[in-house]
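Going down the list, the protein sequences come from chains B and F.
Quick note on numbering: UniProt numbering labels position 27 of the first sequence as 27, and the sequence is numbered without any gaps.
Quick note on numbering: UniProt numbering labels position 61 of the second sequence as 61, and the sequence is numbered without any gaps.
Note that beta-carbon positions come from the ideal geometry of N, C-alpha and C, so glycine has one too.
Since the model is a prediction, treat every value here as computed from it, not as a measurement.
Below is one structure, written out as C-alpha cells; the observations come after it.
2 protein chains.
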Amino acid sequence: MTQTDTKPQSNTQRAIHALREMIFAGDLPAGSDHLESELAAHLGMSRTPVREAALTLEGQGLLEMRPRKGVRILPVSPGDMREIYDVLTELESLAARLAAERQPSKDELVPLAKAIADMDVALAKSDLDGWADADERFHTELVRLGGNSRVQMVVAMMSDQVRRARSITLHMRPPPSKSNEDHRLVYDAIKSGDADQAHAIHRAHRQAAKDLIVALLEKHKLSRI
Amino acid sequence: MTQTDTKPQSNTQRAIHALREMIFAGDLPAGSDHLESELAAHLGMSRTPVREAALTLEGQGLLEMRPRKGVRILPVSPGDMREIYDVLTELESLAARLAAERQPSKDELVPLAKAIADMDVALAKSDLDGWADADERFHTELVRLGGNSRVQMVVAMMSDQVRRARSITLHMRPPPSKSNEDHRLVYDAIKSGDADQAHAIHRAHRQAAKDLIVALLEKHKLSRI
DNA sequence: GTATTTTTTAATGTATACGTAAGTGAATAG
DNA sequence: CTATTCACTTACGTATACATTAAAAAATAC
Chain B
1 MTQTDTKPQS NTQRAIHALR EMIFAGDLPA GSDHLESELA AHLGMSRTPV REAALTLEGQ
61 GLLEMRPRKG VRILPVSPGD MREIYDVLTE LESLAARLAA ERQPSKDELV PLAKAIADMD
121 VALAKSDLDG WADADERFHT ELVRLGGNSR VQMVVAMMSD QVRRARSITL HMRPPPSKSN
181 EDHRLVYDAI KSGDADQAHA IHRAHRQAAK DLIVALLEKH KLSRI
Chain F
1 MTQTDTKPQS NTQRAIHALR EMIFAGDLPA GSDHLESELA AHLGMSRTPV REAALTLEGQ
61 GLLEMRPRKG VRILPVSPGD MREIYDVLTE LESLAARLAA ERQPSKDELV PLAKAIADMD
121 VALAKSDLDG WADADERFHT ELVRLGGNSR VQMVVAMMSD QVRRARSITL HMRPPPSKSN
181 EDHRLVYDAI KSGDADQAHA IHRAHRQAAK DLIVALLEKH KLSRI
C-alpha cells in the first residue's frame, strides 16, 4: 500500500470508503445488522455522516436501511448472482463491441494487454489472488474502452457484488487457464475492429463464468446448511 | 391520477418524490443550481431530509451535490442520451428474452396487451401524451416480465433520464404508428416462447428509437444556440 | 403456562447549532 | 485603471438534541 492514496476530505466520504472496505473484508458480514450509532462510534464520527454514507451505499445495493433494525448488509444469493451476471454479460459485451467500433489506439490498449500478461504470470505461479486482481483489471479496462460512462457505472456496481462472493468462489474454482484464451481473443477482435466478434466472444466468456459461479454458489449454499 | 398514491411517511421520502417531480416537471431545469436551504424552505422542512434526498437522487444520476455551489440538476446531452439508449437497448432486449424464456401465464401478459391496446387508442385520438404513458407502461411491464430485479432497477434509472428529454422529443417526433407493430411482434414472440425473436425485435426497436431521438436532440440543440 | 395488555426502552428521523472555509466584494497598492 | 490583499458573508459539513414510535419487556388476566 503506497502513500499515494487520495485521502477523502469529508467524513461522509471516509465513511463510504470505510464501510465498503468493511463489507468486502467481511467485517460486516452479509445479512448482519448494525446500528447507526455503533457504526458511528466505530468510525469515530457522529451519526450524520454515517447515515449519509449508508444512503449512498444503499443506492449501490450493498446494504439496506431499515427503521429500528439498523443497517443490514445485503446478502448475495445464487439467484442474485444469476441476475448480476446476466446484467454483466450484456453490458460488458456491449462494451466490447463499442470498444472494437472505436478502434482504440495502441496506447489505449496497453492496460488491457498488461492485464492479460499479468494473468498469465499469476497462473504460472498459481497465484490465485494475483490472477483475480488482473482479471478484474481486464474487465474494468475493457469497459473503460467501451467509452460509455453509464455502462461503466452499472458494471462497477455489479462487479462490487461479484467481488463479495469471490472469497467463496475463487478457491473452489478450477484453474482458470482457458479463461485467458478468451481474453486474448477479445483483445484481438478489438484491435482488429471486429465488433461482432468481440461481442460474441466476450458474451460467451461471461455466460460460461456465470454458469460456473452459480453452480459453485449453489453447491456451497447446500454445504452450509 | 388517482387518490391511491401511497403517501410517503418520512420527510426524506417526501423530499425524494417532490424533487423528482420538480425535476421532471421542469420546475428545476437541467443545469440549474439550488441551495439546500432554498429547497428545504420550499418543501417546508429542514435541510437534513433534503440532503438525504439529494444524496439518493445523486446516486440515481439526476443531480449532483457540489460544495458551496448547491445542488445542480444534471443536464442530459445528446451524448448522454446515446449512452442511455445503448444501455436501455441491451437490458430491455435481455428482459424480452428472459420473459420469453419464462413463458408467462396469460394473466401475467394482460398488462402488456393492455398497454399495446392503449397505444392504439391514443394514436387514433392523436393523444400523444396518452401514447407516451402507454408506451412507458409497455416497457416497464416488459422488463418486469423479465424477472431480473437488477435489470428493472437500472432500466428504471435510465428511463427516468429519457423521460426528462421527452418534452423535447415527443412533439417533434413523427407519429409513432410503426412503433406499435414492433410491440405486437415482441408480445407475440414472448407468448410463443421465442426468446431469440423477442430479443432481436425489441433490440431493433430500441436501436431505431435511439437513432431517432439522438438525431432530434442534436437538431434541437443546434436550434437553441 | 399461555395470552393479552401495559410499561419501558431505545433507535430513528429531523431540527438546530455552529465551526470551517469558499467565494465575494471592498479597499489599497501599483 | 488594474491587480492584489484582506475582511466578510454564507453555504456546507457535522455534531448534537429531542420527539416519535416501534419493539422489547414486564405485568396481569385467564
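In its own chain, which residues sit with a C-beta less than 7 Å from the C-beta of Met1(B), not counting the 5 before and 5 after it? With a pLDDT of only 41 at Met1(B), under 50, the local geometry of the prediction cannot be trusted, and the value read off the model is given with reservation. Once the five neighbours on either side are set aside, Met1(B) has no close Cβ partner at all.
Expressed to the nearest angstrom, what Euclidean distance is found between the alpha-carbon atoms of Ala35(F) and Leu55(F)? The sequence given here has Leu at residue 35(F), not Ala. Going by the C-alpha atoms only, they are around 14 Å apart.
Please identify the residue among Arg150(B), Asp135(B), Ala195(B), Leu109(B) whose C-alpha is closest to the C-alpha of Ser177(B). Asp135(B)
With Arg184(F) as the anchor, note down where its alpha helix (DSSP H) starts and where it stops. 177 to 191
Is Asp27(B) helix, strand or coil by DSSP? coil
Just reading off the beta strand (DSSP E) that Val71(B) is part of, what are its end residues? 70 to 73
Could you pull out every residue in the same chain whose Cβ sits closer than 6 Å to the Cβ of Gln152(B), ignoring the five residues on either side in sequence? Val143
Check the Cβ-Cβ distances between Ser46(F) and every residue of chain B, and say whether any is below 9 Å. No - not a single Cβ of chain B is within 9 Å of the one on Ser46(F).
Between the region 100 to 110 of chain F and the region 155 to 171 of chain B, do at least 3 Cβ pairs fall closer than 8 Å? no
Under the rule that 16 or more other beta-carbon atoms within 10 Å means buried, what is Glu181(F), buried or exposed? With fewer than 16 other Cβ atoms within 10 Å, it is exposed.
List the whole-angstrom C-beta distance separating Arg203(F) from Leu88(F), where the pair is believed to meet the contact cut-off of C-beta under 8 Å. Not really, about 11 Å apart at Cβ, beyond 8 Å.
Using only the alpha-carbon positions, how far apart do Gln60(B) and Lys125(F) sit? 42 Å
Decide if Lys7(F) is buried, meaning its Cβ has at least 16 other Cβ atoms within 10 Å, or exposed. Caution is warranted here: a pLDDT of 48 is assigned to Lys7(F), below 50, making its placement in the model unreliable, and no coordinate value can be reported.
Might you give, ordered along the chain, the residues of its own chain that have their beta carbon closer than 6 Å to the beta carbon of Leu185(B), omitting 5 neighbours on each side? Cβ neighbours of Leu185(B) beyond the five flanking positions: Ile201.
Beta-carbon contacts of Asn148(B) that lie in its chain and below 8 Å, excluding the five residues immediately before and after: So the qualifying residues of the chain are Leu94, Ala95, Leu98.
Stretch-stretch touch, CB-based, cutoff 8 Å, three pairs: the region 68 to 77 of chain B with the region 29 to 47 of chain B: Because the criterion of three Cβ pairs below 8 Å is met, the region 68 to 77 of chain B and the region 29 to 47 of chain B touch.
Please compile the residues from chain F whose C-beta is within a distance smaller than 8 Å of the C-beta of Val154(B). Val87, Val154
My parser needs the beta strand (DSSP E) runs of 3 or more residues fully inside the region 51 to 98 of chain F; what are they? 63 to 66, 70 to 73
Could you pull out every residue in the same chain whose Cβ sits closer than 7 Å to the Cβ of Lys191(B), ignoring the five residues on either side in sequence? Leu109
Can you check DSSP and say which residues form a bridge with His34(B)? Val71(B)
Out of Val155(F), Gly130(F), Leu128(F), which has the shortest C-alpha to C-alpha gap to residue 226(F)? Chain F is shown from 1 up to 225; residue 226(F) falls before or after that span and cannot be answered.
Just how far apart, CA to CA, sit Thr167(B) and Glu90(F)? Per the sequence presented here, residue 167(B) reads as Ser, with Thr not at that position. In a straight line, the C-alpha of Ser167(B) is about 30 Å away from that of Glu90(F).
Which parts of the region 108 to 143 of chain B are runs of the beta strand (DSSP E), unbroken and 3 residues or longer, counting only runs that do not cross its ends? none
Which whole-angstrom value describes the C-beta separation of Glu83(F) and Leu74(F), a residue pair presumed to lie in contact below a C-beta threshold of 8 Å? At roughly 13 Å, the Cβ-Cβ gap does not stay under 8 Å, so Glu83(F) and Leu74(F) are not in contact.
Do you know whose CA, among Met81(B), Pro49(B), Ser10(B), lies nearest Leu160(B)'s CA? The sequence shown places Asp at residue 160(B), rather than the Leu named in the question. Nearest of Met81(B), Pro49(B), Ser10(B) to Asp160(B), Cα basis: Met81(B).
By Cβ distance, which residues of its chain are closer than 6 Å to Leu216(F), with the 5 residues on each side in sequence left out? Thr169, Met172
Am I right that Ala195(F) and Ala53(F) are in contact with their C-beta atoms under 8 Å? What's the rounded C-beta distance? Between Ala53(F) and Ala195(F) the Cβ distance is about 40 Å, and since that is not below 8 Å, they are no contact.
What's the C-alpha gap between Arg102(F) and Gly146(F)? Looking at the backbone, the Cα of Arg102(F) and that of Gly146(F) are separated by about 8 Å.
Short CB-CB distance (under 9 Å) between Asn11(B) and chain F: no
Under 7 Å by beta carbon: chain F residues contacting Leu55(B): By Cβ distance, chain F contributes Glu52, Leu55, Thr56.
Give the C-beta separation of Arg164(B) and Val76(B) to the nearest angstrom, bearing in mind that I take them to be a contact with Cβ-Cβ under 8 Å. 6 Å
Of all the CB atoms in chain F, is at least one closer than 9 Å to the CB of Ala60(B)? Checking the sequence, you will find Gln at residue 60(B) rather than Ala. With 9 Å as the cut-off, Gln60(B) counts as an interface residue toward chain F.
Quick one, which of Ala30(F), Leu39(F), Leu28(F), His139(F) has its alpha-carbon nearest Ser12(F)'s? Here the sequence assigns Thr to residue 12(F), which means Ser is not the residue at that position. Among Ala30(F), Leu39(F), Leu28(F), His139(F), the Cα nearest to that of Thr12(F) belongs to Leu39(F).
Which residues of chain B have a Cβ atom closer than 7 Å to the Cβ of Ser149(F), listed in chain order? Glu83
Between which residues of its own chain and Ala117(B) is the CB-CB distance below 6 Å, once the five residues before and five after are set aside? none
Alpha carbons only, please: which of Asp188(B), Gly193(B), Lys219(B), Val162(B) is nearest the one belonging to Tyr85(B)? Val162(B)
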